[in-house]
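Per the working numbering, the sequence shown starts with residue 1426, numbered consecutively.
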Amino acid sequence: MKIGILYDGLSAASPDQLITGTVDAVAAELASEGNEIVRIPASPDARWIDRLRRARVDLVFNLCESIDGVAALEPPVISVLELLDIPYSGSSSWTTSLCLRKHVVNGALERAGLPVPKFAVVRRGGAIPSVGFPAICKPAAEDASIGVEQRSVVRTTRQLTERVGAMLERWDEVLVQRYVEGREVNVGILGDGVLPIAEIDFGRMPKGMWRIVTYKSKWETGSDEDIGSSPRCPARLPAAVATQLRRVAIAAWRLVGGSGYGRVDMRIDERGRPWILEVNANPDLAPDAGLARMARVAGIEYGALVRQICELGLHRSRDGVTTAERWALAQRLSGVATEPPAALDLFAGEA
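Here it is as structure tokens:
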């Protein structure tokens, strides 16, 4: 089989520069099975589209989470694959677009009755609604923990105003959300199943620092925040809590129309209640990243994980939902429309 590996060709200028290592790892696994591999670096000038068409691949293994580090370009890249009717791995352009805009997906989750911490989106010149304290401030449409720092968590109105003001100098929209004290867990999804739950162990986080996953935690190896936020899989959780986490994760994943593989990040508060922080479509697939780690605990080695993701892309389920129906659903969940959407039942899961 001829497989194209699509990735950010200018990723060296972004925090996802390690994507080249992931491309090498995926290419090696697929080539070892006798597949012909074509590397397709995506670029702003769109020449990659001509290269893709000429390659005539049977499948695109999509590792493109941005172009030149711009995460907002991930959904349009997938749209090209859909327009060309080329099978691809991972979630659709609709799903990735929904998940990328944190306040939009939060609204969808909330309207579906799933647990989301109180939130608001702030734009330039707009008021800052109250969500309670402590609160955490993030870019409303970024990936890879960009814009998340220790000072992202605020305790007072003054701190909130200063932090949001500083962020609006760089981003058009800022998500302000109630900070949930408690354990942080990641629920990996592969196909229709849930992988062993992982937990972020903040036990070595220096005293006085917030127990959150920041940009430094992910990208500055050896930093205090990196050392203080180490992953542990499987997480040590009461059976009832683990069951609830899995049910909430699957419900959220079905709601956003996720496909192939994904990750749902959650917090567990002091009463044992799960709260959804983020739904990640097409999360990091590096051999040492969270999803691969969870798969290994489940007995799925990296090569088998890559092959399974390919198979899921080739045999993507046809759920019968058109783009128009998905758009109508998005409007419904965001509060634009008022009638209950029939399409909602297609994403209904255990909640």
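The beta carbon of each residue, even a glycine, is placed where N, CA and C say it ideally should be. Note that the structure is a prediction, hence the values are computed from the model and not measured.
Taking 8 Å as the cut-off, the Cβ atoms of Val1530 and Ile1511 do not count as close. In chain order, Leu1620 and Pro1621 place their CB closer than 7 Å to the CB of Ala1723, counting only its own chain and leaving out the 5 sequence neighbours on each side. DSSP, read as helix, strand or coil, puts Lys1527 in helix.
DSSP places Asp1475 inside the alpha helix (DSSP H), whose first and last residues are Arg1472 to Ala1480. Here the alpha carbon of Ala1717 sits roughly 24 Å from the alpha carbon of Val1495.
Setting aside the 5 residues that flank it on each side, Asn1487 is surrounded in the same chain by Leu1431, Tyr1513, Ser1514 and Gly1515, each with a C-beta closer than 6 Å to its C-beta; the list follows chain order.
Taking 4 residues as the shortest admissible run, the stretch 1647-1734 contains the following complete alpha helix (DSSP H) segments, listed from N- to C-terminal end: 1649-1652, 1664-1680 and 1715-1722.
Cβ atoms of Gly1687 and Trp1700 stay farther apart than 8 Å, at about 18 Å.
Inclusion of Ile1637 and Val1601 in the CB contact set at 8 Å is not warranted, their separation being larger than that value. Here Ile1444 carries a helix assignment [DSSP, helix/strand/coil]. Ranking Val1556, Arg1536 and Pro1656 by CA distance to the CA of Arg1580 puts Val1556 first. Check the Cα spacing between Ser1468 and each of Leu1498, Ser1457, Arg1698 and Met1426: the tightest is with Leu1498. In this structure, the alpha-carbon of Gln1584 lies about 46 Å from that of Ile1474. With distances taken between CA atoms, Ile1553 lies nearest to Thr1586 out of Lys1543, Leu1662, Arg1608 and Thr1586. Closest in alpha carbon position to Arg1464, among Ala1560, Arg1481 and Pro1540, is Arg1481. About 5 Å separates the beta carbon of Arg1526 from that of Ala1566, a gap short enough to meet the 8 Å contact definition.
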